[in-house]
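*Asks:* Protein chains in written order, with the numbering used here: chain A, 605 to 804; chain B, 605 to 804.
Protein chains: 2
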Amino acid sequence: MAHTTDRGGRKAGTRKRADAERNIVAIIAAATESFARDPDASMTDIAKAAGLGRVTLYAHFPSREQLLRTVLAETIAESTRIIEAASPAEGPPAEALARMIRSCWPLLSRFGSLHAAAQRALPADEVRRRHDRPMAHVERLVARGRAEGAFRTDLPVEWLVTTVYTLLHAAADEAAAGRLATEAVGEILEKTLLAALKSE
Amino acid sequence: MAHTTDRGGRKAGTRKRADAERNIVAIIAAATESFARDPDASMTDIAKAAGLGRVTLYAHFPSREQLLRTVLAETIAESTRIIEAASPAEGPPAEALARMIRSCWPLLSRFGSLHAAAQRALPADEVRRRHDRPMAHVERLVARGRAEGAFRTDLPVEWLVTTVYTLLHAAADEAAAGRLATEAVGEILEKTLLAALKSE
DNA sequence: CATAAGTCGAACAGGGTTGTTCGACTACCT
DNA sequence: AGGTAGTCGAACAACCCTGTTCGACTTATG
Numbered sequence: 605m606a607h608t609t610d611r612g613g614r615k616a617g618t619r620k621r622a623d624a625e626r627n628i629v630a631i632i633a634a635a636t637e638s639f640a641r642d643p644d645a646s647m648t649d650i651a652k653a654a655g656l657g658r659v660t661l662y663a664h665f666p667s668r669e670q671l672l673r674t675v676l677a678e679t680i681a682e683s684t685r686i687i688e689a690a691s692p693a694e695g696p697p698a699e700a701l702a703r704m705i706r707s708c709w710p711l712l713s714r715f716g717s718l719h720a721a722a723q724r725a726l727p728a729d730e731v732r733r734r735h736d737r738p739m740a741h742v743e744r745l746v747a748r749g750r751a752e753g754a755f756r757t758d759l760p761v762e763w764l765v766t767t768v769y770t771l772l773h774a775a776a777d778e779a780a781a782g783r784l785a786t787e788a789v790g791e792i793l794e795k796t797l798l799a800a801l802k803s804e
Numbered sequence: 605m606a607h608t609t610d611r612g613g614r615k616a617g618t619r620k621r622a623d624a625e626r627n628i629v630a631i632i633a634a635a636t637e638s639f640a641r642d643p644d645a646s647m648t649d650i651a652k653a654a655g656l657g658r659v660t661l662y663a664h665f666p667s668r669e670q671l672l673r674t675v676l677a678e679t680i681a682e683s684t685r686i687i688e689a690a691s692p693a694e695g696p697p698a699e700a701l702a703r704m705i706r707s708c709w710p711l712l713s714r715f716g717s718l719h720a721a722a723q724r725a726l727p728a729d730e731v732r733r734r735h736d737r738p739m740a741h742v743e744r745l746v747a748r749g750r751a752e753g754a755f756r757t758d759l760p761v762e763w764l765v766t767t768v769y770t771l772l773h774a775a776a777d778e779a780a781a782g783r784l785a786t787e788a789v790g791e792i793l794e795k796t797l798l799a800a801l802k803s804e
């Protein structure tokens, strides 16, 4: 149990069997999908979705809470990557915002109720804290837009950020429910948010 | 068991004891408050909040689901009353919308997560169906605004309604969480929504 | 190929929920 | 003042969930 040196150079036996590593990613994928569909998804649901036994989940994640934490972290990391790929710090603020909106909303749509799941099972401040990395990008963009005279200054920055965030989610939900045509969402969001944010 | 005529003119023994009627309103009040605070509020929670025994709840409501249904119906009825009191069909659309917003948001704030509770425990289409009475007022107002050239016509009406609805809720949540000053909410919502809806 | 690592199903304990039943008790109503 | 409608607490059954343990089985890996 404490060989410490096995050839591969691993310290404390952290290297798992290829088998197990494959299952871990399968579990995370299944959990992501399950939580996105049903915020109350149980370990049984997720195990079934992953095609594995429930016990196996507990072999890799000590608790449902921890699994959810992991899923949330990975998802937010991907969001951050996508936001940064839209280079929100470059070009005219309005155009940067439009770029961000269009690249972002499919993600929110795909991850559906995962956020609700997190808010239900994890402490509220933790959820908020984990979000503030990607959130900062939006906030920075809004602040820049205000400084450059493109966005309105008569409302609190945080409220404008909340507006962006909320409407992104709402549009994603509407699209998921089939009440909004997928192709139209980008344009609709862009028009709505630019109108809500632009100065004058 | 089938007296049918008892003097008071009641048909099938529907008249309850004054005692019981008092408790029924207490239960509904407690349930409303409990659901508004915690969408997962249990019958035990509600009974405790009402100062009654859990069994008594079941004496008046056959199930938690039915109780939630009742609470939802009463709440929506009150919303409808408040919306109508703002006479959304009169005056310039922008002003009518502003009136409606200002009279509406404290309600949404007060009822907090009741909507979430309903969405969790009741079939989605039922929740939606119950909302379409008050929703119709908003939709009518938006449509009128478009017809009179005050509101934009380049986006679907349903999306504009969703925008109003969503941002009202978001602002109410922010206020409840202390991230938005209560006195400021009305003005902030009015400015944001008018900017999002107005034509051009 | 042998062994250690991983999987799996069944079964368990512990907690929570919804509804129901019982008998004793209490408030109302006439 | 007495009969009845209503309340209440305790206890029950049924269900679902999380986490854990067991022993038997399968698979990777060296």
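Cβ coordinates follow ideal geometry from the N, Cα and C atoms, glycine included.
(1) With 16 other CB atoms within 10 Å as the buried threshold, where does residue 606 of chain A fall?
(2) Between which two residues does the alpha helix (DSSP H) carrying residue 771 of chain A extend?
(3) Taking 8 Å as the limit between beta carbons, can you name the residues of its chain near residue 686 of chain A, skipping five residues before and five after?
(4) Rounded C-beta distance between residue 680 of chain A and residue 656 of chain A? I'm assuming under 8 Å.
(5) Helix, strand or coil for residue 755 of chain A per DSSP?
(6) Mapping the DSSP letters down to three states, classify residue 620 of chain A as helix, strand or coil.
(7) With a threshold of 16 other CB atoms inside 10 Å of the CB of residue 703 of chain A, please say whether the residue is buried or exposed.
(8) Would you mind working out which of A:739, A:746, A:677, A:619 sits nearest residue 726 of chain A, comparing C-alpha positions?
(9) Residues of chain B with a CB under 7 Å from the CB of residue 734 of chain A: which are they?
(10) Spell out the partners DSSP gives residue 802 of chain A in its beta bridges.
(11) Closest to residue 771 of chain B by C-alpha separation, out of B:798, B:722, B:728, would be which residue?
(12) Go to residue 649 of chain B, then tell me how far its alpha helix (DSSP H) extends in each direction, as first and last residue.
(13) Given this structure, state the Cα-to-Cα distance separating residue 730 of chain A from residue 714 of chain B, to the nearest angstrom.
(14) Taking Cβ-Cβ distances shorter than 9 Å, what residues in chain B pair up with residue 634 of chain A?
(15) Just the C-alpha distance for residue 633 of chain B and residue 776 of chain B, rounded to the nearest angstrom, thanks.
(16) Are there 16 or more other CB atoms within 10 angstroms of the CB of residue 767 of chain A, so buried, or fewer, so exposed?
(17) With 7 Å as the limit, tell me which residues of the region 769-799 of chain B have their beta carbon closer than that to any beta carbon of chain A; keep them in chain order.
(18) Under a CB-based cut-off of 9 Å, is residue 762 of chain B close to chain A?
(19) Does residue 850 of chain A come out as helix, strand or coil in the three-state DSSP assignment?
(20) Enumerated in chain order, which unbroken segments of the alpha helix (DSSP H) with a length of 4 residues or greater are wholly contained in the region 687-722 of chain B?
(21) Quick check: the Cα distance between residue 688 of chain B and residue 741 of chain B, rounded to an integer number of angstroms?
(22) Is there a C-beta anywhere in chain A that falls below 9 Å from the one on residue 652 of chain B?
*Replies:* The relevant details are as follows:
(1) Indexing the first sequence from 1 puts residue 606 of chain A at position 2. Low confidence applies to residue 606 of chain A: its pLDDT is 33, below 50, so where it sits in the model is not reliable, and the reading given next is rough at best. Exposed, because fewer than 16 other Cβ atoms sit within 10 Å of the Cβ of residue 606 of chain A.
(2) As a working mapping, residue 771 of chain A is identified with position 167 in the first sequence. Here the alpha helix (DSSP H) through residue 771 of chain A covers 761-780.
(3) Indexing the first sequence from 1 puts residue 686 of chain A at position 82. Result list for residue 686 of chain A: 707, 708, 711, in chain order.
(4) In the first sequence, residue 680 of chain A corresponds to position 76, counting from 1. In the first sequence, residue 656 of chain A corresponds to position 52, counting from 1. Contact doesn't hold; Cβ gap of about 25 Å is too wide.
(5) Looking up residue 755 of chain A in the first sequence gives position 151. In the structure shown, residue 755 of chain A sits in a strand (DSSP, three-state: E or B).
(6) As a working mapping, residue 620 of chain A is identified with position 16 in the first sequence. Correct three-state label for residue 620 of chain A: coil.
(7) Here the question's residue 703 of chain A lines up with position 99 in the first sequence. It is buried - the Cβ of residue 703 of chain A has at least 16 other Cβ atoms within 10 Å.
(8) Indexing the first sequence from 1 puts residue 726 of chain A at position 122. Ranking the options by Cα distance to residue 726 of chain A, first place goes to A:677.
(9) For the purposes of this step, residue 734 of chain A is taken as residue 130 along the first sequence, with counting starting at 1. Within chain B, no residue comes near residue 734 of chain A; the closest Cβ sits about 17 Å away, beyond 7 Å.
(10) Working through the first sequence from its first residue, we reach residue 802 of chain A at position 198. Its beta-bridge partners are A:755.
(11) For the purposes of this step, residue 771 of chain B is identified with residue 167 of the second sequence, where counting begins at 1. The option with the nearest alpha carbon to residue 771 of chain B is B:798.
(12) Taking the first residue of the second sequence as position 1, residue 649 of chain B is located at position 45. Here the alpha helix (DSSP H) through residue 649 of chain B covers 647-654.
(13) Taking the first residue of the first sequence as 1, we reach residue 730 of chain A at position 126. Taking the first residue of the second sequence as 1, we reach residue 714 of chain B at position 110. Distance between the alpha carbons of residue 730 of chain A and residue 714 of chain B is about 25 Å.
(14) As a first step, residue 634 of chain A is located in the first sequence; it is residue number 30 there, counting from the start. The premise fails here: residue 634 of chain A is roughly 22 Å from chain B at the closest Cβ pair, so nothing lies under 9 Å.
(15) In the second sequence, counting from the first residue as 1, residue 633 of chain B sits at position 29. In the second sequence, counting from the first residue as 1, residue 776 of chain B sits at position 172. Cα to Cα, residue 633 of chain B sits roughly 20 Å from residue 776 of chain B.
(16) As a working mapping, residue 767 of chain A is identified with position 163 in the first sequence. Burial call: buried.
(17) 770, 771, 774, 778, 783, 784, 792, 795, 796, 799
(18) Position 158 of the second sequence, counted from the start, is the residue given in the question as residue 762 of chain B. Taking a beta-carbon distance threshold of 9 Å, residue 762 of chain B counts as an interface residue toward chain A.
(19) Missing from the structure shown is residue 850 of chain A; chain A here goes from 605 to 804 and no further.
(20) 697-715
(21) Within the second sequence, the letter at position 84 stands for residue 688 of chain B. Within the second sequence, the letter at position 137 stands for residue 741 of chain B. Distance between the alpha carbons of residue 688 of chain B and residue 741 of chain B is about 8 Å.
(22) Residue mapping note: residue 652 of chain B aligns to position 48 of the second sequence, counting from 1. Cβ-Cβ to chain A under 9 Å: no for residue 652 of chain B.
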